Amino acid sequence: MIEARLLTKVFRDKRKGEIRGSDAVSFRVEPGSIYGLLGANGAGKTTTLRLLATLLTPTGGTASVAGHDITAEPDKVRANVGFLATSTALYARLTAREMIAYFGRLNGLGEADLRARIRSLADELDMHDFLDRRCDKLSTGMKQRTSIARMLVHDPQVMIFDEPTLGLDVIASRAIVQFVRQCRERGKTVLYSTHVMSEAEKLCDVIGIIHGGRLRAEGTLAAILERTGETDLEEAFVRIVSEEGRS
5 MIEARLLTKV FRDKRKGEIR GSDAVSFRVE PGSIYGLLGA NGAGKTTTLR LLATLLTPTG
65 GTASVAGHDI TAEPDKVRAN VGFLATSTAL YARLTAREMI AYFGRLNGLG EADLRARIRS
125 LADELDMHDF LDRRCDKLST GMKQRTSIAR MLVHDPQVMI FDEPTLGLDV IASRAIVQFV
185 RQCRERGKTV LYSTHVMSEA EKLCDVIGII HGGRLRAEGT LAAILERTGE TDLEEAFVRI
245 VSEEGRS
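Under my numbering, the first residue of the sequence shown is numbered 5, with each subsequent residue one higher.
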């Protein structure tokens with residue numbers, strides 16, 4: 005499970021002063037469910053996800069991930085989390101197989117278990133055709149699947165996706181979305197950040213709308229549409245963000 009409690013991150017800029025990347029954000033993600041964190045660029049999505057993955061240290065508040073506090077037990081949090089960001093890079097000179105194996109060893113997998121795990125991931129993500137190709141020779145979709153395999157190699161219980169389909173074509177995006185669904189079916193706890201409203205409509209059990217670092221609305225798709233009186237998520241999102249901007 006993921007539980008954020010008044011999670012706050014303040015950045016200080018010499019010209020702009022204090023910037024609140026996350027401002028007292030609280031939400032809960034249950035096992036076997038997908039929580040969609042929606043927001044425009046700069047809304048605070050990535051900051052919040054990086055706090056939960058222990059890549060940033062909170063200024064205030066805290067969170068527990070898989071039963072471990074992000075500030076008191078960051079190593080235990082990392083052992084239970086798979087984190088995929090759009091900015092994650094691959095080592096160009098390694099093959100996809102070598103890349104996955106490298107991170108498997110970092111997470112303490114033995115060689116026999118690691119070989120079996122790579123076979124399983126290659127089956128799930130349809131990677132066999134390029135598994136032994138160097139990462140700098142892969143297409144964008146192939147690189148993304150390699151990144152996902154790397155994040156999954158230690159079979160984490162909590163999955164955090166930050167804009168996983170950004171820059172992908174329709175076919176590659178559909179494959180990623182289908183894979184995220186399968187994670188839910190296997191009982192994983194999934195936090196999914198996106199600004200693609202159609203993805204959120206298809207995938208998410210609960211949706212949180214973040215704007216200006218603060219969580220402005222939360223609920224099922226039906227609840228958010230009922231609250232705003234709109235018939236689709238994009239219009240509901242715009243209405244919520246616009247109302248907050250006027251308040």
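C-beta atoms are modelled at their ideal positions from N, C-alpha and C, and glycine is treated no differently. On a predicted model such as this, the values are computed, not experimentally measured, just so you know.
Under 6 Å Cβ to Cβ from residue i, same chain only, skipping five residues before and after it: list those, please.
i: Gly48; result: Gly25, Ser26, Ile214 and Gly217
i: Ile244; result: Ile213, Arg220 and Ala221
i: Ala28; result: Leu10 and Thr12
i: Ala176; result: Gly145
i: Glu247; result: none
In the DSSP assignment, what are the bridge partners of residue i?
i: Ile38; result: Val194
i: Asp166; result: Ser197
i: Leu88; result: Phe165
i: Gly64; result: Thr12
i: Thr99; result: Arg138
i: Val242; result: In the DSSP output, where bridge partners are listed per residue, Val242 has none listed.
i: Val69; result: Ile6 and His72
In its own chain, which residues sit with a C-beta less than 7 Å from the C-beta of residue i, not counting the 5 before and 5 after it?
i: Tyr253; result: No answer is possible for residue 253: the residues shown for the chain start at 5 and end at 251.
i: Arg149; result: Leu129 and Met131
i: Arg185; result: Leu207
i: Arg188; result: Gly36, Ser37, Ile38 and Val194
State the start and end residues of the unbroken alpha helix (DSSP H) segment that holds residue i.
i: Ile74; result: Premise fails: Ile74 is in no alpha helix (DSSP H) and is neither H nor E.
i: Leu56; result: Lys49 to Leu56
i: Gly150; result: Checking the sequence, you will find Thr at residue 150 rather than Gly. Element bounds for Thr150: Thr144 to Leu156.
i: Leu219; result: Looking at the DSSP string, Leu219 is not in any alpha helix (DSSP H); the run it does join, the beta strand (DSSP E), is Arg218 to Gly223.
i: Arg24; result: First-last for Arg24: Gly21 to Val33, but that is the beta strand (DSSP E), not the alpha helix (DSSP H).
i: Ala179; result: Val174 to Glu189
Return the chain-ordered list of same chain residues with a C-beta closer than 8 Å to the C-beta of residue i, the five sequence neighbours on each side being excluded.
i: Leu225; result: Ala204, Glu205, Cys208, Ile211 and Leu237
i: Thr193; result: Met5, Ile6, Val33, Glu34, Pro35, Gly36, Ser37, Ala70, Gln161, Val162 and Met163
i: Leu252; result: For residue 252 there is no data in the structure shown, the boundaries of the chain being 5 and 251.
i: Leu118; result: Ala105, Gly108, Arg109 and Val157
i: Ala67; result: Ile6, Glu7, Ala8, Arg9, Leu11, Leu55, Leu56, Asp73 and Ile74
i: Glu234; result: Ala240 and Arg243
i: Arg97; result: Arg138, Cys139 and Asp140
First and last residue of the beta strand (DSSP E) that includes residue i?
i: Val14; result: Ile6 to Asp17
i: Asp117; result: From DSSP, Asp117 is part of no beta strand (DSSP E) but of the alpha helix (DSSP H) over Glu115 to Leu129.
i: His215; result: Val210 to His215
So, does the CB of residue i fall closer than 7 Å to a CB anywhere in chain B?
i: Val29; result: As a matter of chain content, chain B is missing from the structure shown, which is built from one protein chain.
Please check the pair residue i and residue j, which I expect to be a contact at CB under 8 Å, by giving their CB distance rounded to whole angstroms.
i: Leu229; j: His158; result: So it is not a contact: roughly 38 Å between Cβ atoms.
i: Ser202; j: Phe165; result: Not a contact, Cβ separation roughly 16 Å.
i: Ile180; j: Leu172; result: 7 Å
i: Glu167; j: Thr90; result: 5 Å
i: Leu42; j: His199; result: 7 Å
i: Phe15; j: Ile23; result: 4 Å
For the region 104 to 113 against the region 146 to 160, are there 3 or more C-beta pairs whose distance is under 8 Å? Three or more pairs of CB atoms, one per stretch, sit closer than 8 Å, so the region 104 to 113 contacts the region 146 to 160.
Measuring CB atoms only, is the region 54 to 74 touching the region 9 to 22, in the sense that at least three cross pairs come out at less than 8 Å? When Cβ pairs closer than 8 Å are counted between the two stretches, the region 54 to 74 is seen to touch the region 9 to 22, the count reaching three or more.
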